[in-house]
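Residue numbers (the working numbering): 9 to 1183.
Every residue, glycine too, gets a C-beta built ideally from N, C-alpha and C.
Rendered as structure tokens:
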């Protein structure tokens, strides 16, 4: 007879017989009526459907639960609690094996009730609180298998089954007070508080509460160990096949919000504000919400809505995943932690039915096993899947085409280990070890571990499925006693022993039997006891055993720790270091031949990405081009903050370089490669927030080098030929990621309004860095080892990220090539930024009175029209149209970029490499002083009068005293004929423009940074002095701004037809060595000595005081040189300080009218004292 039919008959008999009597109890909230009857020769009371909270319906949907108010009259507690709203499992509606888990009472949003079983004479008894499982999307406290009669009557305990909201009703997360996430956990917490306050009325002791739960219920218990509001609510806890560390059990806030926002879209509620979205969502039928959850893009064994690791109410100030690792949980609770022998089979039947939906034991070939591992762990990098195949394979099986039961069972084990068992074992060890640390080797709590291997005669699934996930529960609740005809006698005896173990642990924190054999003593999980587990199986098989799964769980733990680094920040890089050591030991055993592959796919949290794999030199490289990290910032999203990319269905093709963000073209000379090389080589578009990724084919846990291109914040692209990352990735053995960001008005327009906040391009970069942190693991990168490399505006951006609060922890090293945030062109005051923005608005006919009307007009102005007018906003020499704004609400938040640079309000735990080129100024002089500088083959000459004219033009915005000082500092005291033309003055204009607009700000920041950082980070400085044979500009232009990049990206090494010399190829190798070693370790070094010499090149640290040497980078001259440009940079620093004082005066508006004039005079006196002391 089917168990449910038998249960119905028994229940019918109990209800209809004279043995059932009503019973009324008085509680703090009101009188309550239940039933009283005999069961197994003991009188039992039941109180079903007891409310512990107000109904979370209508406007209270998604909100925190509210305490139940007192009621008047008599509350009828004779009907089992409703199931919270959920969908039904339709695997097979006529099969009890799946139907037994479906709700057997009405489903409703009004569901916050509990069921209570108590001995009739209960007084001061231990209370066992059951938290059901179901992946946080299904389940009920009223299922037949959770009937508490046998457990309560045989063990003299009170059993309370609590309910909690599921799916989106319980775990939707929008980071909003009305949808805070973890509502289901708050339901559980409120139920535990209700039990503490009211259980005495039912004969329970509120100080002797134990919780036990399975799967999601067990994960919930771990969450309560962390939650501040749950501390003190229970003393003992039993975790059956689950932990909050299980991949399916917990989401990051990013992933939780991503899924929640996708649900909004699916039901048509993605409104402009969260409040409006929630109002809409509350009107959607619960059926539609529940059904839509399964249309989310989910990976293998990922459930729709689960615990969110950080929230404002349940976990409070804590992060659940960090708390588990740091020991920030309630260590005063005794734990029993267990797993079943065949956890994986249940899930394989559902997810791999072509092999596991059969009455016969599944047989697989090695090839089929490999294929199933690839599909099950598609989100993991290839190297991890290959390692898993190796660990779970049979080394003695050489016929990979022969089907065996072995590989069918290995799929059972591999799924169970990764998704369930190994996290439970880690928790047992973590809890034990951290309890010892926190109590000076005398833990106040105990840990016990079990291994459940007993199958069931009544289990309707095929016998080969074994002790599946969830199939210990029938023994815990005494089903063999309730339905004795369906079970063998040994199973009935076994169930009694299991209930004794569970109840004794609930009562005393130690699992033991009333009468036990010597072999049935359950050892505590300690080093002294050799970490033994208790095997639970009928007959004489209840006995301690040696721990199993050590190799498998060691492997998966390292994988989990790497996933954790992707989730969190650099504080946990040490786990990645351990992981690197591990891979170095086992990598040779399972490296595989993938040399013929042309197409490669990776599974990310957002969906599948298809890239390409190709030969590069003698290595294989993978490229994923045009991978989106944000939604398109188009139409109504123009000028707004970027929106994270939502998951996609199907496979995203990533074989085309990212488009350039909308920009104009450099029209200096369309036929000249020297200028054309910087123009976009892919379509320009406002839909441009993509990254290009290059990775060695066998990448695993590699350092990530993130390239931020330059272009004055008005142009540039991550897809330029010059920035091809294949050589850098393969030669440096790193992951190269070129990110895109909006430029010009699309990225930096500033109107001081939420819809045009300024620094949108910086927020694009920041979002890209978060995307890299969260997803680069899928491409073989280590999210805890990220280095930023940027040139010009890219370098200035890196400094901005050092200041931005939300960028902290996203990178560990930064290489700043020819740029800093204090560069005159890189950052505007809010006043200047808004001035230029309003001028542009006027130029394109958007001169409305209200800001909102101006924004609306600008949004509907063609992109090309905006770009065509940016150079007409009234610019000074080398001032770019739209740049970083020093104060905003979103990127710098409460900080000011100018002030932060001077006050030292920035991250100082990042290693930095600063660099400048020998001829920074020439590129700009060709464009801006074309009267004297052009791409003529002969170096320009000028006399002193012309030199002075250049100074007046380039520095027109400076006070006359500053211009006079500059003329003096950069003049030739030996030249007495002011009309004699020489190359000297042309060179001085090159140096002067380079010094003021680029070099001196880099040197100033390099001076200041190590003084604040101390030993927290390293600083290194270089001076790049190597021209290029392939450079199309005339030779006299030298090493111009931006012309070190070709060596960084290894162009001389792969472009064999461009005319590079062997020496230049060698130099490019060394530059890649320096850059990637710095990215790896924070110290630049070479892998091998220079050609023709065994001398080791050592790059000395720079501290701005005692150690001020720079590395000179030039063919045949890799050596440390003395710092240069002291006089020149003192001059320009004084000038910058004057500019800063004017800005501060603008901010405070408190200085007297003479303050600025006084500061100018004082600073210029300092300038002249430096000049005359020198000369």
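How big is the Cα-Cα spacing for residue 163 and residue 507?
For this step, residue 163 is matched to residue 155 along the chain shown. For this step, residue 507 is matched to residue 499 along the chain shown. Whole-angstrom Cα-Cα distance: 7 Å.
Runs of beta strand (DSSP E) wholly within the stretch 815-901 (minimum 3 residues, chain order): 821-825
**Prompt:** Which residues in the same chain have their Cβ closer than 6 Å to the Cβ of residue 225, if we skip the five residues on either side of it in sequence?
**Reply:** For this step, residue 225 is matched to residue 217 along the chain shown. So the qualifying residues of the chain are 139, 140 and 141.
Runs of alpha helix (DSSP H) lying entirely within the stretch 369-453, each at least 4 residues, in chain order:
Counting only runs of 4 or more residues that sit fully inside the stretch 369-453, the alpha helix (DSSP H) segments are 374-384, 390-400, 413-424 and 430-446, in chain order.
Work out the CA separation of residue 636 and residue 281 for me, nearest whole Å.
-> On the chain shown, position 273 is the one that residue 281 refers to. On the chain shown, position 628 is the one that residue 636 refers to. Distance between the alpha carbons of residue 281 and residue 636 is about 24 Å.
Worksheet entry | Limits of the beta strand (DSSP E) - the one that residue 344 falls within | Here residue 344 refers to the residue found at position 336 when the chain shown is read from its first residue. Counting along the chain, the beta strand (DSSP E) containing residue 344 begins and ends at 342-348.
*Segment contact flag, the stretch 823-843 with the stretch 893-902, C-beta cutoff 8 Å, min 3 pairs*: yes
- Task: Determine the extent of the alpha helix (DSSP H) in which residue 623 is found, giving its start and end residues.
- Result: Counting from 1 along the chain shown, the entry for residue 623 is found at position 615. It is not in any alpha helix (DSSP H) - residue 623 instead sits in the beta strand (DSSP E) that spans 616-624.
task: Mind checking which residues open and close the beta strand (DSSP E) that includes residue 1074?
output: Against the chain shown, residue 1074 aligns to sequence position 1066. Residue 1074 -> not in any beta strand (DSSP E); alpha helix (DSSP H) instead, spanning 1070-1089.
* Return helix, strand or coil for residue 366, following the three-state DSSP convention. => Here residue 366 refers to the residue found at position 358 of the chain shown. Residue 366 falls in the coil class under three-state DSSP.
Three-state secondary structure assigned by DSSP to residue 570:
By one-based count along the chain shown, residue 570 stands at place 562. In the structure shown, residue 570 sits in a helix (DSSP, three-state: H, G or I).
_Just to confirm, is the Cβ distance from residue 359 to residue 612 under 7 Å?_
In the chain shown, the residue the question calls residue 359 occupies position 351. In the chain shown, the residue the question calls residue 612 occupies position 604. The answer is no: Cβ separation not under 7 Å.
Worksheet entry | Chain-order list of residues whose beta-carbon lies under 7 Å from that of residue 575 (same chain, five-residue window excluded) | In the chain shown, the residue the question calls residue 575 occupies position 567. Counting only Cβ-Cβ distances below 7 Å, and skipping sequence neighbours, we find 260 and 329.
DSSP-derived helix/strand/coil call for residue 41:
Taking the chain shown and counting its residues from 1, one reaches residue 41 at position 33. Three-state result, residue 41: strand.
Q: Classify residue 36 as buried or exposed, calling it buried when 16 or more other Cβ atoms lie within 10 Å of its own Cβ.
A: By one-based count along the chain shown, residue 36 stands at place 28. It is exposed - the Cβ of residue 36 has fewer than 16 other Cβ atoms within 10 Å.
Next item on the list: Thinking residue 671 and residue 749 are a contact (beta carbons under 8 Å), I'd like their distance in whole angstroms, please.
Entry: Here the question's residue 671 lines up with position 663 in the chain shown. Here the question's residue 749 lines up with position 741 in the chain shown. Rounded, the Cβ-Cβ distance is 11 Å, inconsistent with contact.
Fill in: Nearest to residue 92 (by Cα), restricted to the options 420, 76 and 196
In the chain shown, residue 92 corresponds to position 84, counting from 1. For the residues 420, 76 and 196, the minimum Cα distance to residue 92 belongs to 196.
Check your understanding: Helix, strand or coil: which one does DSSP assign to residue 360?
Key -> Counting from one through the chain shown, the residue named residue 360 turns up at place 352. In this structure, residue 360 counts as coil in the three-state DSSP scheme.
### Task
Take the Cβ of residue 4 as the centre, count every other Cβ of all protein chains shown within 10 Å, and call the residue buried at 16 or more, exposed below.
There is no way to answer for residue 4, as the model of the chain reaches only from 9 to 1183.
Is residue 1009 helix, strand or coil by DSSP?
As a first step, residue 1009 is located in the chain shown; it is residue number 1001 there, counting from the start. It is helical.
Worksheet item: Tell me which same chain residues have a C-beta within less than 6 Å of the C-beta of residue 1084, skipping the five on either side of it?
Response: As a position in the chain shown, residue 1084 is number 1076, starting the count at 1. For residue 1084, where only same-chain residues beyond five positions count, the Cβ hits under 6 Å are 740 and 742.
Note to self: Runs of 4 residues minimum, wholly inside the stretch 261-306: which ones carry the alpha helix (DSSP H) assignment?
What the structure shows: As far as the stretch 261-306 is concerned, its whole alpha helix (DSSP H) runs of at least 4 residues are 261-274, 282-291 and 294-300.
If distances are taken between C-alpha atoms only, which option among 189, 349, 985 and 951 comes closest to residue 996?
Locating residue 996 in the chain shown gives position 988, counting from the first residue. Comparing Cα positions, the closest option is 951.
| query | With distances taken between CB atoms, is the gap from residue 322 to residue 257 smaller than 7 Å? | reply | Locating residue 322 in the chain shown gives position 314, counting from the first residue. Locating residue 257 in the chain shown gives position 249, counting from the first residue. Taking 7 Å as the Cβ cut-off, residue 322 and residue 257 do not qualify as a contacting pair.
Item checked: Opposing strand residues paired with residue 710 [DSSP bridges] -> Looking up residue 710 in the chain shown gives position 702. Its beta-bridge partners are 789.
**Asked** Between residue 352 and residue 442, which are expected to be in contact by the criterion C-beta below 8 Å, what is the C-beta distance as a whole number of angstroms?
**Response** As a working mapping, residue 352 is identified with position 344 in the chain shown. As a working mapping, residue 442 is identified with position 434 in the chain shown. Rounded, the Cβ-Cβ distance is 29 Å, inconsistent with contact.
Original post:
So, residue 56 versus residue 87, is the Cβ gap smaller than 7 Å?
Top reply: Here residue 56 corresponds to residue number 48 of the chain shown, with the count starting at 1. Here residue 87 corresponds to residue number 79 of the chain shown, with the count starting at 1. Between residue 56 and residue 87, the C-beta gap is smaller than 7 Å, which places the two residues in contact.
Quiz item: In this structure, what does DSSP give as the bridge partners for residue 123?
Solution: Your numbering for residue 123 matches position 115 in the chain shown. According to DSSP, which records beta bridges pairwise, residue 123 is partnered with 169.
Classification of residue 1048 by the beta-carbon crowding that lies within 10 angstroms, buried from 16 upward: In the chain shown, counting from the first residue as 1, residue 1048 sits at position 1040. Buried.
Exercise for the section: Use the C-beta contact count for residue 157: other C-beta atoms within 10 angstroms, 16 or more gives buried, fewer gives exposed. Expected result: The residue given as residue 157 occupies position 149 in the chain shown. The residue in question, residue 157, is buried, as its Cβ has 16 or more Cβ neighbours within 10 Å.
For this session: Look up residue 531 in the DSSP assignment and give the residues it is bridged to.
Result: Locating residue 531 in the chain shown gives position 523, where the first residue counts as 1. Looking at the DSSP assignment, residue 531 forms no beta bridge with any residue, so it has no partner.
Margin query: Taking 7 Å as the threshold (C-beta atoms), are residue 616 and residue 570 in contact?
Written below: The sequence position of residue 570 within the chain shown is 562, counting from 1. The sequence position of residue 616 within the chain shown is 608, counting from 1. Cβ atoms of residue 570 and residue 616: not closer than 7 Å.
Closest to residue 117 by CA distance: which of 1013, 290, 210 and 1055 is it? Taking the chain shown and counting its residues from 1, the one referred to as residue 117 is at position 109. Per the Cα distances, 290.
Mind checking who residue 331 pairs with in its DSSP beta bridge? One-based indexing of the chain shown puts residue 331 at position 323. In the DSSP output, where bridge partners are listed per residue, residue 331 has none listed.
**OP:** Give the secondary structure of residue 244 by DSSP, where H, G and I count as helix, E and B as strand, and everything else as coil.
**Re:** Here residue 244 refers to the residue found at position 236 of the chain shown. The answer is strand: DSSP assigns residue 244 an E or B state.
Roughly how many whole angstroms lie between the Cα atoms of residue 172 and residue 240? Start at 1 with the first residue of the chain shown, and residue 172 comes out as number 164. Start at 1 with the first residue of the chain shown, and residue 240 comes out as number 232. A direct Cα-Cα distance of roughly 20 Å separates residue 172 from residue 240.
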